[in-house]
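Chemist: Heads up: the sequence shown runs through residues 914 to 1059, numbered per this note's numbering. Where is the CB? At the ideal position from N, CA and C, for every residue including glycine. Predicted model, so just to flag it, every value in this text is computed and none were measured. The structure's right below; bear with me while I get my questions together.
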Amino acid sequence: VDSLTPSKRSENMSRIRGRDTKPEKALRSALHRLGYRFRVTSRNLPGRPDIVLRKHCAVIFVHGCFWHRHRNCSYAYVPKTNRTFWSEKFEGNKKRDRLTKLRLRKLGWRVLVVWECGIRDKQGIARSAARSARWLNSKSVWREIQ
Ligand SMILES: [Zn+2]
């Protein structure tokens, strides 16, 4: 169900493409404050993770809900026009994400996905950073949080 107003939608659309989007930066700062040190991007790694924590053998992706199709999330709506185009696009994105995760796992990396809808405000950022920290200190090899 598409529950977004047009202005919110365009804000969402412009924010979710490219590197260094705001929520991503915010999560990075929050993790930094918690004492985690990392590389911002590692171009050599599959999928170019947003955050790389070598010490923890872990990478973090901040996924935009629209492009990466966050399940049951209102930001992952399907535009009403050009449905074929969008569904092909989304399937391609999902396939690429699955492949990226697989390749990283094969290289021995643990993979965390943080959904962007969970880090839209200060509380969300703090909560997601705390959850990320818990995951980093666990043995879990793969998790999604929002
Ligand atoms: Zn979402």
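#1: Taking only three categories from DSSP, how would you classify His1023?
#2: Rounded to whole angstroms, how far is the Cβ of Val991 from the Cβ of Leu940, which I believe are closer than 8 Å?
#3: Which parts of the stretch 934-963 are runs of the alpha helix (DSSP H), unbroken and 4 residues or longer, counting only runs that do not cross its ends?
#4: Buried or exposed for Cys978, going by 16 or more other Cβ atoms inside 10 Å?
#5: Compare the beta carbon distance of Ser1041 and Gly1031 with 7 Å and say whether it is the shorter of the two.
#6: Taking 6 Å as the cut-off, is the CB of Tyr990 close to at least one heavy atom of ligand 1?
#7: Taking Ala879 as part of the beta strand (DSSP E), name the residues at either end of that continuous run.
#8: Taking 6 Å as the cut-off, does the CB of His981 come closer than this to any heavy atom belonging to ligand 1?
#9: Taking the alpha carbon of Lys1019 as the point to measure from, which residue in Trp1055, Glu1029, Lys938, Lys1002 has its own alpha carbon closest?
#10: Return helix, strand or coil for Arg1056, following the three-state DSSP convention.
#11: Cβ-heavy atom distance between Cys978 and ligand 1 below 6 Å?
#12: What number of angstroms, rounded off, separates the C-alpha of Pro962 from the C-alpha of Val972?
#13: Is the Cβ-Cβ distance between Arg996 and Ala989 less than 7 Å?
Modeler: Once the coordinates are examined:
#1: In the sequence under discussion, the amino acid at residue 1023 is Arg, which differs from the His named in the question. It is a strand residue.
#2: Not really, about 27 Å apart at Cβ, beyond 8 Å.
#3: For the stretch 934-963, whole alpha helix (DSSP H) runs of length 4 or above, ordered along the chain, are 935-946.
#4: The Cβ neighbour count for Cys978, taken over all protein chains shown within 10 Å, is at least 16; the residue is labelled buried.
#5: Contact: yes.
#6: Incorrect: Tyr990 has no Cβ contact closer than 6 Å to ligand 1.
#7: Outside the shown range of the chain, which is 914 to 1059, sits residue 879, and nothing can be said about it.
#8: No; taking the cut-off as 6 Å, the Cβ of His981 has no heavy atom of ligand 1 nearer than that.
#9: With distances taken between Cα atoms, Lys1019 lies closest to Trp1055.
#10: Strand, per DSSP.
#11: In this structure, ligand 1 has a non-hydrogen atom nearer than 6 Å to the beta-carbon of Cys978.
#12: Their Cα atoms are separated by approximately 6 Å.
#13: Contact: no.
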